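**Student:**
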Amino acid sequence: MLIAGHQVEGIGLGTAQFAFRGGTAADSVATVHAALDAGVTLIDTALAYTRLGVESYAEQIVARALRLVQGSQPLVATKGGHWRDGDQFPVSGRPDILRAHCEISLRTLGVSRIGLYQLHHVDPLVPLADSVGALEDLRSEGRVAAIGLSNVSLGQLDAALAIAPIASVQNHLSLTAPDDLPMALACAERNVAYLAYAPFGGPSGMPPTAALSVARQHGVSVHRVLLAWLRAQSPNIVPLAGASRPATIRDSAAPLDLTPEDLGVLRPAPA
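The sequence shown begins at 4 in this note's numbering and counts up one residue at a time.
(1) Less than 9 Å between the C-beta atoms of I169 and L160, yes or no?
(2) Between V241 and A199, how many whole angstroms is the CB-CB distance? I'm expecting something under 8 Å.
(3) Among G15, A163, A29, which residue has its Cα nearest to the Cα of L138?
(4) Using 8 Å as the threshold, is the region 237 to 255 in touch with the region 210 to 220, meaning 3 or more CB pairs across them?
(5) What are the complete beta strand (DSSP E) segments, minimum 3 residues, inside the region 190 to 245?
(6) Have a look at K82 and D254 and give me their C-alpha separation to the nearest angstrom.
(7) Which stretch, first to last residue, makes up the alpha helix (DSSP H) that contains Q277?
(8) Whole-angstrom Cβ separation of D47 and A22, contact assumed at under 8 Å?
(9) Starting from the Cα of D140, find the closest Cα among D99, T262, W86, N154 and give me that residue.
(10) Can you have a look at G15 and say buried or exposed, based on whether 16 or more other CB atoms are within 10 angstroms of its CB?
(11) Express the C-alpha separation of A256 and R146 in angstroms, rounding to a whole number.
(12) Can you pull the DSSP bridge partners for N154?
(13) What do you get for N239, buried or exposed, if any count of 16 or more other CB atoms within 10 angstroms of its CB means buried?
(14) In angstroms, rounded to a whole number, what distance separates the CA positions of G267 and R227?
(15) Along the chain, where does the beta strand (DSSP E) that runs through H175 open and close?
(16) Use the C-beta contact count for A61: other C-beta atoms within 10 angstroms, 16 or more gives buried, fewer gives exposed.
(17) Helix, strand or coil for I348, going by three-state DSSP, please let me know.
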């Protein structure tokens with residue numbers, strides 16, 4: 004899938020765990036490098052992925068890791084309009100807030116242009132057109148190469164597409180929470196990439212028995228099965244695999260081709 008001029012295949016690296024899992028900065032930097040060595044070409048982060056009292060911790064880690072990388076750089080996707088304030092995580096889609104957050108991310112990442120800049124959440128108090136218009140202004144000014152949306156409905160995506168080119172949607176999708184699959188397929192029809200966060204089901208998600216069975220048959224981790232199921236649904240789906248250790252992202256990035264029989268076994272139960 005071509006996103007903001009970058010060919011993105013397989014999975015992307017999600018960086019929320021850098022901030023919220025409590026690992027060391029060195030481990031997180033090593034995880035970024037392991038992801039790149041494994042062929043990952045998309046790193047997703049956000050202003051809100053940060054530790055208490057620190058501004059944009061995950062973005063700092065990504066910047067630190069990429070400064071040590073020679074040659075081609077991955078597509079870095081980040082998000083604004085959602086941030087940490089003590090133990091609270093406010094949301095705002097106001098144009099001035101989005102512009103300010105973009106400037107923070109540009110400075111933190113140490114770049115003159117962000118590859119993919121996403122609205123983290125739709126703000127119910129701000130017209131979506133105003134928020135999308137602000138992102139499009141940033142794109143027109145060259146501050147960002149492409150814009151995306153996160154946590155949106157199909158109606159909101161179509162409304163945004165009437166205002167600006169939208170490169171991606173980032174929503175929750177997994178085998179254990181498949182309700183957004185029609186949205187992912189609708190994105191494919193619109194040539195919009197679908198970035199699937201929490202592909203393992205989220206903090207409380209337990210892998211279904213079928214996935215465990217398929218994993219045993221292939222001799223792989225259940226995480227690889229869950230990621231392969233997502234990739235098999237549509238070419239525009241890019242699962243965002245969170246990791247805080249190099250071994251974890253190496254495993255997630257390893258390819259796995261599911262058979263038609265596997266996919267039949269893994270078919271989600273009707274809602």
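Think of the CB as a built atom: it goes at the ideal place given N, C-alpha and C, for glycine as much as any other residue.
None of these values were measured; they are calculated from a predicted model.
**Tutor:** In short:
(1) Contact flag set, yes.
(2) V241 to A199, Cβ: 7 Å. Contact.
(3) The alpha carbon of L138 has as its nearest neighbour, out of G15, A163, A29, the alpha carbon of A163.
(4) The answer is no - the region 210 to 220 does not touch the region 237 to 255, with fewer than three Cβ pairs under 8 Å.
(5) The region 190 to 245 contains these whole beta strand (DSSP E) runs: 196 to 200, 240 to 245.
(6) Rounded to the nearest angstrom, the two C-alpha atoms are 26 Å apart.
(7) Residue 277 falls outside the range modelled here, since the chain spans only 4 to 274, and no answer is possible.
(8) Not a contact, Cβ separation roughly 13 Å.
(9) Relative to the Cα of D140, the nearest Cα in the group D99, T262, W86, N154 belongs to D99.
(10) A residue is called buried when at least 16 other Cβ atoms come within 10 angstroms of its Cβ; G15 meets this threshold and is buried.
(11) Cα atoms of R146 and A256: separation of roughly 30 Å, rounded to the nearest angstrom.
(12) DSSP output for N154 lists no bridge partner at all.
(13) The Cβ neighbour count for N239, taken over all protein chains shown within 10 Å, is at least 16; the residue is labelled buried.
(14) For G267 and R227, the distance between alpha carbons rounds to 17 Å.
(15) In the DSSP assignment, H175 falls within the beta strand (DSSP E) that extends over 171 to 175.
(16) Around the beta-carbon of A61, 16 or more other beta-carbon atoms lie within 10 Å, marking it buried.
(17) There is no way to answer for residue 348, as the model of the chain reaches only from 4 to 274.
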